[in-house]
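Positions 2 to 135 (our numbering) are the ones given, in order, by the sequence shown. Since the structure comes first, as structure tokens, the remarks are kept for the end.
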Amino acid sequence: IGVDANGIADLGALASALGGHDKSEGLPLVAIHAANNETGVIQPIDRIAGIVKAAGGILTVDAVQAAGRVSIDLSAGYADYLILSSHKIGGPKGVGAIVAASDLMMPKPLINGGGQEKGHRGGTENLAAIAGFG
């Protein structure tokens with residue numbers, strides 16, 4: 002979908018695109034930046050979430066630039082998946098998070114892990130960085 006002159010997502014086009022989605026092909030997935038690091042545009046995620054939910058879709062929000070600067074209320078249906086990065090909110094570099102709504106499954110890993118990681122990821126986690134993330 003396009004954006005308006007201010008860089009805000011065209012919500013009418015989003016609703017139209019989702020309205021025309023063939024649900025037999027699966028759930029529609031919308032992924033969007035909450036805040037753009039180059040332009041400073043902050044998207045109206047609450048309105049976008051309403052449109053996506055009305056269409057039965059899944060919303061993934063990249064909140065790397067927004068976290069700590071913009072109110073994010075996951076309990077209010079802000080997003081199904083929220084992407085965060087530690088170093089953007091005062092934590093160590095090299096660690097991030099995917100926060101999933103409790104009723105959704107986490108994505109399958111690209112690299113399967115061992116039993117010590119419960120099959121979630123390959124390799125050993127950087128516990129010091131994770132602890133620093135909070």
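Note that CB positions come from ideal geometry on N, CA and C, so glycine has one too.
Whole-Å CB distance - residue i paired with residue j, under 8 Å assumed
i     : j     : result
Asp63 : His34 : 5 Å
Ile49 : Ala10 : 6 Å
Beta-carbon proximity of residue i to residue j, cut-off 8 Å
i      : j     : result
Val100 : Leu75 : yes
Gly97  : Leu85 : yes
Ala36  : Gln66 : yes
Gly92  : Gly58 : no
Leu15  : Ile52 : yes
Backbone secondary structure at residue i - three-state DSSP
i     : result
Leu30 : strand
His16 : According to the sequence displayed, residue 16 carries Ala and not His. DSSP places Ala16 in helix when its eight states are reduced to three.
Ala77 : helix
DSSP bridge partner residues for residue i (one or two, in chain order)
i     : result
Asp11 : DSSP output for Asp11 lists no bridge partner at all.
Item to check | Continuous beta strand (DSSP E) assignments of at least 3 residues falling wholly in the stretch 85–135 | outcome: Annotation: the stretch 85–135 contains the following complete segments of the beta strand (DSSP E) (minimum length 3 residues), in chain order: 97–101.
Next on the checklist: Please give the ranges of any alpha helix (DSSP H) in the stretch 32–61, keeping only runs that are unbroken, at least 4 residues long and fully inside the region.
Outcome noted: 46–55
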